[in-house]
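Have a look at the structure below before the remarks.
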Amino acid sequence: MEDKSQLKSPREYYNKGLSKRKPFEDRAEDFAEVTIPALFRRSGSSGGDRLKDKYVQSLGAKLVKNLSSKITLTLVPPSASGFKLSPDLRSLQKLTGGNPDLLAQVNQEMSAGTDLINKQIEAQDIRKHVFTLIDHQNVIGACIMEKVPNKGIKIHGLRSIVVTLDDVGEAYEMCVYEKLKKLPPELIGLVEEKEEYELYTMCVRDENDVWTVYQELEDIIVGDIKTYKGMECPFSYQGMIWNIGEDYHRPFVEDYYGSLNSYNVLSKVLTQGAIIASKSLLFVDERGGRTRKADVANSENGDVIDGRADDVTSLQLNKNFDFQVPMQTRAEYRQELEEAFLAKNSITRQAERVTAEEIREMAKELENSMAGVYATISNRITKQIVVWIMAELKLKFKTISVDVITGLNALGLSNEIAKLDGFLTRLGQMGKITWVKDAEIVNRYAMGYGINTVNLIKTPNEVQQEAKAQQQAIAQQQLVQSGADSLGKSAGQAIVQQGGQQ
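Numbers given in the working numbering equal positions in the sequence shown, counted from 1, plus 47.
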């Protein structure tokens, strides 16, 4: 165990990094103000603060929620697998030696493992937390995702984290700050009991990709010092867009902040103008003595009173033409924003279950529109979740090295099935269908449809044994039939001979 006295103080590291984090906080406050204010309120605000009158539109929130929903649906889809397990071909060949029965067994284990992981994703209710994570990445830009053992994940926002990134934007030092009313069971009794505790969790990665994780509570390093290999570390820094040399990632919203802010300003102008224009005021000219203000004010609808209609006028601003310009400009901003946030060309139907094909088309749309950002976050998020669950389940596949494939490569299996259909059709037309291995065809179709093949598909050896048994049964039946025919023929000849003798 590493000497605790030699460890870097998490609290000191955290406090030292606040100055570098501050500019990203300030921008996140501006971004949240025109999208989802509750996601990142102004510094110093609390849950008891009243909403300000500047919140005059909800389009920003609608756009972000729509985009987050689409990304989440493709990362952890409810009706399909957002990943696939791909075995290392060299180790697979070494293990199986090309034996079709062993290959079929490995494929079944991969299929069963994928099914088990997806069931854990559902059981731990991970999807809703991934939605929150994507909201943070879209609006704020950076956060830390923590795996709670067997209980899903939780998100630590920008205001509670400090990180240090390497030259490719990956964190090699992370610190998470938490204010707790109740301590975790493993830390109870280590410090004096209080109403509120400040807990700092430090994660440091070395050159061998090994993470060291430890905690500081009330200026004391507490608990065990734990080490994790690579992505098995329970804390994972997540970001959307990174520029070389910057301290944190930036959000998707930042690229469209100008249009969002302008839309917000124009909405405020039009809203205030509509309120003013809707105010109803009557003016009565009493100088002629023909119409009295009191009579107009106190009269009921349909009453007949003394006076002249020309003495009564109403307030009219005559600003309709002036409002046309901001209305048209705002409509243009709305159209641009809806296109940028994929709110207009939606693929999904309004249905309880979305098909796997719709999810794949949505992933293509995201990849094309977000210029490669989707592929990056799908690899970081989905792969990280799968690795965590595999570690919890202690899921390993003998001596085979397995890679987790995410994004379009995982969701694009329908294309593989379509290609396989076309290939087999062409072979059939050429009369070469016998060149294809039946077992491999069955396995590839099962993998393409995401089917758990355990106890479902026969092994090649079982198929051969059944075919052999069937051939033997047919041969036996033919032998019996041949014997019966021979016996009948002999009997017929005997009768003929006996008749001739008579």
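We put the beta carbon where it would ideally sit given N, CA and C, even for glycine. Predicted model, so just to flag it, every value in this text is computed and none were measured.
Along the chain, where does the alpha helix (DSSP H) that runs through Lys315 open and close?
Its alpha helix (DSSP H) spans residues Tyr304 to Ala324.
Hey, would you say Phe567 sits closer than 8 Å to Ser115, going by beta carbons?
Any answer about residue 567 is impossible in this case: the structure gives the chain only from 48 up to 549.
Close Cβ partners of Ile267 (< 8 Å) along its chain, the five nearest in sequence each way excluded:
Contacts found: Leu237 and Val238.
Can you look up Met287 in the DSSP assignment and give me helix, strand or coil?
In this structure, Met287 counts as coil in the three-state DSSP scheme.
Per DSSP, what kind of secondary structure is Thr506 in: helix, strand or coil?
When secondary structure is reduced to three states using DSSP, Thr506 falls in the coil class, being assigned neither helix nor strand.
Tell me which residue opens and which closes the beta strand (DSSP E) that Asp182 is part of.
The continuous stretches of beta strand (DSSP E) do not include Asp182, which lies in the alpha helix (DSSP H) extending over residues Ile173 to Val186.
Determine the burial state of Ala398: buried for a count of at least 16 other Cβ atoms within 10 Å of its Cβ, exposed for fewer.
Summary for Ala398: the model assigns pLDDT 48, below 50, so the residue's position carries little reliability, and this model does not support an answer.
Less than 6 Å between C-beta atoms, sequence neighbours within five positions excluded: which residues of the same chain meet that for Lys273?
The residues are Val260.
Helix, strand or coil for Asp271, going by three-state DSSP, please let me know.
Strand at Asp271.
Using DSSP bridges, identify the partner residues of Val257.
In DSSP, Val257 forms a bridge with Lys276.
Can you tell me whether DSSP reads Arg89 as helix, strand or coil?
Under the three-state reduction of DSSP output, Arg89 falls in the coil class, being neither helix nor strand.
With H, G and I counted as helix, E and B as strand and the rest as coil, what does DSSP make of Phe368?
Phe368: helix per DSSP, three-state reduction.
Just mark Val527 as buried or exposed, buried being the case when its beta carbon has 16 or more other beta carbons within 10 Å.
So Val527 ends up on the exposed side.
Tell me the DSSP secondary structure of Tyr295 in three-state form.
In the three-state scheme derived from DSSP, where H, G and I count as helix and E and B as strand, Tyr295 is classed as coil.
Using the three-state DSSP reduction, which class does Ala127 fall into: helix, strand or coil?
Three-state result, Ala127: coil.
Which residues share a DSSP beta bridge with Val359?
DSSP, once it has assigned bridges, lists Val331 as partnering Val359.
Here's the rule: buried if 16 or more other CB atoms are within 10 angstroms of the residue's CB, otherwise exposed. What is Asn490?
By the 10 Å Cβ count, Asn490 comes out buried.
Go ahead and label Gly286 buried or exposed: buried means 16 or more other beta carbons lie within 10 angstroms of its beta carbon, across all protein chains shown.
Around the beta carbon of Gly286, 16 or more other beta carbons sit within 10 angstroms, so the residue counts as buried.
Are the region 118-135 and the region 327-342 in contact at 8 Å, needing three or more beta carbon pairs?
Result no; under three Cβ-Cβ pairs closer than 8 Å.
Can you list, in chain order, the residues of its chain whose CB lies under 6 Å from that of Ile480, leaving out five sequence neighbours each side?
The beta carbon of Ile480 is closer than 6 Å to those of Leu474 in its chain, skipping five residues each way along the sequence.
Residue range of the beta strand (DSSP E) that Ile202 falls in?
Ile200 to His203 is the span of the beta strand (DSSP E), which, as asked, contains Ile202.
One or two residues paired with Leu246 in a DSSP bridge:
Paired residue(s): Glu225 and Leu264.
Smallest Cα separation from Tyr421: which of Gln184, Asp172 and Tyr492?
Per the Cα distances, Gln184.
Tyr244 to Val269 span [Cα, whole Å]:
Distance between the alpha carbons of Tyr244 and Val269 is about 13 Å.
With a threshold of 8 Å, are at least 3 pairs of Cβ atoms found where one atom belongs to the region 78-91 and the other to the region 299-314?
Yes: the two stretches touch, three or more of their Cβ pairs being nearer than 8 Å.
Give the DSSP-derived three-state secondary structure of Glu169 in the structure shown.
In this structure, Glu169 counts as helix in the three-state DSSP scheme.
Residue burial classification, Leu364 (beta-carbon count within 10 angstroms, cutoff 16)
With fewer than 16 other Cβ atoms within 10 Å, it is exposed.
By the 10 Å Cβ neighbour count, where 16 or more other Cβ atoms means buried, how is Gln171 classified, buried or exposed?
Burial state of Gln171 is buried, judged by a 10 Å Cβ sphere holding 16 or more other Cβ atoms.
For Tyr247, which option in Asn508, Leu86, Glu263 and Val210 has the closest C-alpha, if you only look at C-alpha atoms?
The alpha carbon of Tyr247 has as its nearest neighbour, out of Asn508, Leu86, Glu263 and Val210, the alpha carbon of Glu263.
Would a check of beta-carbon distances place Pro281 closer than 8 Å to chain C?
In summary, chain C is missing from the structure at hand, where a single protein chain is found.
Lys175 versus Met278 - alpha carbon distance:
Straight-line Cα distance between these residues: approximately 22 Å.
Bounding residues of the beta strand (DSSP E) (the contiguous stretch that carries Leu212):
From DSSP, the beta strand (DSSP E) with Leu212 extends over Ile208 to Leu212.
Going straight from the alpha carbon of Cys250 to that of Gln152, what length do you get?
Rounded to whole angstroms, Cys250 to Gln152 spans 39 Å at the Cα level.
Contact set for Tyr295: own chain, Cβ-Cβ below 6 Å, skip 5 residues either direction:
If the five residues before and after Tyr295 are omitted, its C-beta is found closer than 6 Å to the C-beta atoms of Phe71 and Ala189, all from its own chain and listed in chain order.
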